[in-house]
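Chains as they are written, first to last, in the working numbering: chain A, 120 to 266; chain B, 120 to 266.
Scroll down for the structure; my scribbles are underneath it.
There are 2 protein chains.
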Amino acid sequence: MELSRRGDYAVRAMLDVATRPVDRMTVTKEIALRQDIPPVFLTKIVSSLSQAGLLRTYRGVAGGVALGKPADQISLLQIIEAVDGPIYINRCLIRPGECDRDRTCPAHELWVQAQGELLGLLANKSLADLARRAQELQQVPTAGFAA
Amino acid sequence: MELSRRGDYAVRAMLDVATRPVDRMTVTKEIALRQDIPPVFLTKIVSSLSQAGLLRTYRGVAGGVALGKPADQISLLQIIEAVDGPIYINRCLIRPGECDRDRTCPAHELWVQAQGELLGLLANKSLADLARRAQELQQVPTAGFAA
DNA sequence: GCAAATAAGATATAATTTATCCTTTTATGG
DNA sequence: CCATAAAAGGATAAATTATATCTTATTTGC
Chain A
120 MELSRRGDYA VRAMLDVATR PVDRMTVTKE IALRQDIPPV FLTKIVSSLS
170 QAGLLRTYRG VAGGVALGKP ADQISLLQII EAVDGPIYIN RCLIRPGECD
220 RDRTCPAHEL WVQAQGELLG LLANKSLADL ARRAQELQQV PTAGFAA
Chain B
120 MELSRRGDYA VRAMLDVATR PVDRMTVTKE IALRQDIPPV FLTKIVSSLS
170 QAGLLRTYRG VAGGVALGKP ADQISLLQII EAVDGPIYIN RCLIRPGECD
220 RDRTCPAHEL WVQAQGELLG LLANKSLADL ARRAQELQQV PTAGFAA
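And the structure:
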């Protein structure tokens with residue numbers, strides 16, 4: 120019932136890239152440092168995100184990573200599923216016929232509902248939303264005051 | 120991001136007990152058989168549920184298990200937390216100060232919201248609700264017909 | 001005392017997750 | 001063309017967690 124480290128790292132890494140100036144490319148080591156993510160592990164995560172088209176990566180001396188598409192077209196659900204595969208909150212939801220009790224189990228219905236709500240929330244929240252909110256949070260570090 | 124087997128078994132076992140006639144006690148082996156749960160594993164789960172007061176257990180020849188309180192006073196959240204401990208959907212939610220970024224991380228806010236919705240759903244669904252629904256589902260096995 | 005049931009602790013097994021190391025590939029700048 | 005800086009990929013190690021069993025104790029009713 121807990122998000123994997125991978126998924127958490129992926130979200131934070133994407134957010135890191137999204138909140139950097141667009142003109143300079145970011146390099147994974149720096150992301151790892153800033154976000155406190157094991158560097159080598161992050162390269163694996165970046166690889167998955169790249170394969171999903173959420174990041175674009177560039178090798179070589181001036182290389183690094185950049186967003187694969189506009190931040191408002193990247194949902195949190197996409198990010199997490201890119202590194203963890205499809206989300207399901209109970210095993211009986213892996214696919215339609217996974218559990219025999221499907222049709223007679225009242226718990227199954229509950230899981231369907233809970234999963235629907237969770238996925239809905241994640242699908243409707245974009246990386247752009249988070250990036251925008253990050254700026255807000257940075258500008259107002261303590262309650263109500265702006266220096 | 121997936122409910123543990125333990126949690127799933129616990130819910131189904133509780134539901135099994137709740138839908139049995141009250142006058143006869145149920146024995147864990149039978150629950151395991153009906154619900155397709157590894158029998159020895161189920162005894163551990165029953166033990167946790169008993170310690171949480173959700174089941175009452177009786178040793179000896181005529182022993183078995185029964186609900187520890189009325190089904191409408193048992194929530195799905197209680198059942199799951201009794202066997203899996205407190206639910207949190209991301210590590211940063213274990214306790215208030217767990218993550219340094221707390222105050223500046225927009226993802227953190229999202230997790231708070233998602234967790235709130237999930238726990239709310241589970242807290243508001245009672246075992247009695249499920250039991251009622253189980254009866255409905257049994258009476259109408261195929262769409263719309265009652266023999 | 002015997003049989004049937006749960007309780008509890010120790011432990012095994014397995015699976016998954018997390019993380020690292022090492023080598024390879026690619027690109028850039030001089 | 002060479003040195004360097006970056007990502008890519010494969011193998012594998014370490015750690016954690018989940019799942020399950022075995023054994024022994026305890027309780028109860030006859």
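Glycine included, each C-beta is placed from N, C-alpha and C at the ideal position.
Asked, Found
"Secondary structure of A:L174, DSSP reduced to three states", "strand"
"Contact belief for A:L134 with B:A151 at Cβ below 8 Å, rounded distance in angstroms", "Not confirmed; about 46 Å, so no contact."
"Inter-residue Cα distance where the pair is A:A250 and B:A129", "40 Å"
"Residues of its chain near B:R131, where Cβ-Cβ distance is below 6 Å and the 5 sequence neighbours each way are ignored", "Q154"
"Rounded straight-line distance, which links the Cα of A:T147 to that of A:L245", "Per the sequence shown, the amino acid found at residue 245 of chain A is Ser instead of Leu. Each residue's alpha carbon lies about 22 Å from the other."
"When A:L195, A:L212, A:E200, A:V136 are compared against A:R175, the one with the closest alpha-carbon", "A:V136"
"Chain A contacts made by the stretch 139-153 of chain B, where a contact means CB separation under 8 Å", "none"
"Proximity to B:R124 [Cα-Cα], best of B:T138, B:I156, B:V141", "B:I156"
"Reference B:G182; option with closest CA among B:I199, B:M144, B:G204, B:A190", "B:M144"
"Inter-residue Cα distance where the pair is B:I199 and A:Y177", "46 Å"
"B:L122, DSSP secondary structure in three states", "coil"
"Backbone CA spacing between A:K163 and A:Q197 [nearest angstrom]", "17 Å"
"Near-chain A residues of the stretch 125-140 of chain B (beta-carbon distance less than 7 Å), N- to C-terminal order", "D127, V130, R131, L134"
"8 Å Cβ cutoff, B:D203 in contact with chain A", "yes"
"Min CB distance A:N243 to chain B below 8 Å", "no"
"Chain A contacts from the stretch 224-237 of chain B (Cβ-Cβ distance under 9 Å)", "C224, P225, A226, E228, L229, W230, Q232, A233, E236, L237"
"Alpha-carbon spacing of A:S169 relative to B:L168, whole angstroms", "45 Å"
"Rounded C-alpha distance that separates A:V180 from A:E149", "15 Å"
"When A:L256, A:E217, A:D127 are compared against B:C224, the one with the closest alpha-carbon", "A:L256"
"Residue range of the alpha helix (DSSP H) that includes B:G216", "Careful: B:G216 lies outside any alpha helix (DSSP H) and carries neither H nor E."
"Partner residues on chain A for B:R208, Cβ-Cβ distance less than 9 Å", "Sequence inspection shows Ile at residue 208 of chain B; the Arg mentioned does not correspond to that position. Here the neighbours are M120, E121, L122, L237."
"Below-8 Å beta-carbon distance, B:L186 vs any chain A residue", "no"
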